[in-house]
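To start, the structure itself, in structure tokens.
Residue numbers (our numbering), protein chains in the order written: chain V, 586 to 887; chain P, 257 to 525.
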């Protein structure tokens, strides 16, 4: 009787990287090898395969080890000449020999007014440096192939390799409310005024995010849409479009002006991947009359 | 071949009978290998739900995994002390007293608990803190001296002497992320049990004499008193705004150092 043998190569269903089938976890994104179909929900969401405690990822000559399960730590072993960048408040510890300095960013004033971190920090190897966020959740490793781009909601990004270019763009997701005719309108940004955009250049790169709670991903077909809570959005492919959607449940009076008479949604439209986190903050919608919104905003009155 | 007489716990160094699956002193599993990162940090033992340990004539059972509860079954005459806001429930029979502390005004001004409470058996009393994290059991052998971040200790057995130590240096006080004082726990001739709660995951590293590591001050959880802590500010210059700085604590050995991966301070009072 012949003994079944493992295939020569294993293709990670999460990030697409090819790896040795005898590995216990994918060296590119850390997801366990041999992820079963059970991680998909009936509705089509894929639960992020939890990165095994102490799983190691490789980028260039450097490594990243994911440690812990409740509030995981990304422990990066930088080789000489390798570089990562990050927002400074995520720094947990570092070897004394690791050099840390500010990374120049364009649009400092705009970032300041938008509440984005004004300073992006970069660290140079050799040595160890570790990062964590102050919230229970999951660490997500996203390997970026050359030329691949991904959009990430603000304050979700943890660390990226030096080969990944960083940019940011205006989301154009906003609405205005007005309490009285004498008052000026107040502008709200449900997913923030800006989003981070990461693109791998000539070399592949690694992007590490932190999702609060659990993380779920689905791939939308061209034209396929789904409504998600704006603050649950974690990241999306650049091809995925976004617009606001207001929904008014039946049997309510809009004149009540309470949050309960208006649901605020983010409509995402394929093609491409979209990821959500299960723990998200509630949006403060005072329920006042809408005074302004982008042209592509939609509404539904039941 | 000589049969194994005793198993030494690699977390707390206590001796256990050869058939033990978990350490009787700290609850660490003896049948799984340690989780140690390449950089040398060891994860605190992940305690199995409902793990029970004993100290003196009492037992302590760890319940739950996300926000775990420490349930203590106090023997006659045994007692534990704690900050009153971590108390979850207790039997009627458990007597409650207030521990006399020196420097009450200084403690009040420094934001430390003004009152430390003592629960005396017989009876059951349970404790938990209001955040996701891990319970860390540190059996203290005679002659040990341990410094703990303020408000991080959950309970200690009455054989342990409790005091506090002032953090030296204005920079350490202002930028150290934990105020003016640290709790200090000392054992003399009798061993004791110290139970901490770390936010998120807890990691420990043994620093060699003179070895240093830079740590986010808010992540510091505990250390042997031989480990020194000095906060250093590193300037991050930007052309537009003149620069900002990050504060990191230089921890220098010899001794153990414990950190927590979630370092936002949760006010519970």
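Beta carbons: idealized from backbone N, C-alpha and C, even for Gly. The model shown is predicted, which means the values in this text are computed figures rather than measured ones.
- Exclusion of the five residues before and after residue 307 of chain P leaves 278, 283, 317, 318 as the residues of its chain whose Cβ lies within less than 8 Å of its Cβ.
- For the pair residue 879 of chain V and residue 761 of chain V, the Cα-to-Cα distance works out to about 10 Å.
- In this structure, DSSP gives residue 399 of chain P a state outside helix and strand, which the three-state scheme calls coil.
- If you look at residue 679 of chain V, you'll find it in the beta strand (DSSP E) that goes 676-679.
- Burial state of residue 414 of chain P is buried, judged by a 10 Å Cβ sphere holding 16 or more other Cβ atoms.
- Annotation: the continuous beta strand (DSSP E) that includes residue 647 of chain V extends over 647-652.
- When the alpha-carbon of residue 629 of chain V is set against those of V:849, V:815, V:810, the nearest one is in V:810.
- Within chain V, no C-beta atom comes nearer than 8 Å to that of residue 384 of chain P; the closest sits roughly 15 Å away.
- When the beta-carbon positions are compared, residue 669 of chain V and residue 726 of chain V stay at least 8 Å from each other.
- Contact check for residue 388 of chain P against residue 342 of chain P fails: the beta carbons are separated by 8 Å or more.
- Residue 855 of chain V places its beta carbon less than 8 Å from that of residue 807 of chain V.
- Judged by their CB atoms, residue 873 of chain V and residue 763 of chain V are nearer to each other than the 8 Å cut-off.
- Residue 799 of chain V is positioned such that its CB atom lies no closer than 8 Å to that of residue 883 of chain V.
- Residue 373 of chain P sits away from residue 330 of chain P, with the two beta carbons spaced by 8 Å or more.
- When the beta-carbon positions are compared, residue 812 of chain V and residue 850 of chain V come within less than 8 Å of each other.
- The alpha-carbon of residue 804 of chain V is positioned some 23 Å away from that of residue 743 of chain V.
- In this structure residue 297 of chain P is in contact with residue 461 of chain P, their Cβ atoms being roughly 5 Å apart against a cut-off of 8 Å.
- One finds nothing in chain V with a Cβ atom closer than 7 Å to the Cβ of residue 466 of chain P; even the nearest lies about 12 Å away.
- Annotated three-state conformation of residue 673 of chain V is helix, per DSSP.
- Taking a contact as a CB-CB distance under 8 Å, the pair residue 787 of chain V and residue 731 of chain V counts as one, their CB atoms being some 6 Å apart.
- In the structure shown, residue 446 of chain P adopts coil according to DSSP, grouped into three states.
- Using a CB distance cut-off of 8 Å, residue 650 of chain V counts as an interface residue toward chain P.
- Close partners of residue 374 of chain P in chain V (Cβ separation under 7 Å) are lacking, with about 31 Å as the shortest Cβ gap.
- Distance from residue 398 of chain P to residue 447 of chain P at the Cβ level is roughly 6 Å; contact confirmed, criterion being Cβ atoms closer than 8 Å.
- A check of alpha carbon separations from residue 631 of chain V across V:644, V:637, V:616, V:640 identifies V:616 as the nearest.
- Listed by position along chain P, the residues whose Cβ is nearer than 8 Å to that of residue 653 of chain V are 299, 456, 457, 459, 517.
- Taking residue 721 of chain V as the centre and dropping the five residues before and after it, the same chain places the C-beta of 655, 656, 797, 798, 864 closer than 8 Å to its C-beta, in chain order.
- Boundaries of the beta strand (DSSP E) harbouring residue 372 of chain P: 372-376, taken from the DSSP string.
- Beta-bridge partners assigned by DSSP to residue 477 of chain P: none are found.
- The stretch 406-420 of chain P and the stretch 479-492 of chain P do not touch, with fewer than 3 CB-CB distances between them shorter than 8 Å.
- Annotated three-state conformation of residue 607 of chain V is coil, per DSSP.
- Taking C-alpha positions only, residue 606 of chain V is separated from residue 614 of chain V by approximately 15 Å.
- Interface criterion not met: the Cβ of residue 794 of chain V is under 8 Å from no Cβ in chain P.
- Around the beta carbon of residue 338 of chain P, 16 or more other beta carbons lie within 10 angstroms, which makes this residue buried.
- Look at residue 295 of chain P: its C-beta is under 8 Å from a C-beta on chain V.
- By the neighbour-count definition (other C-beta atoms within 10 Å, threshold 16), residue 344 of chain P is an exposed residue.
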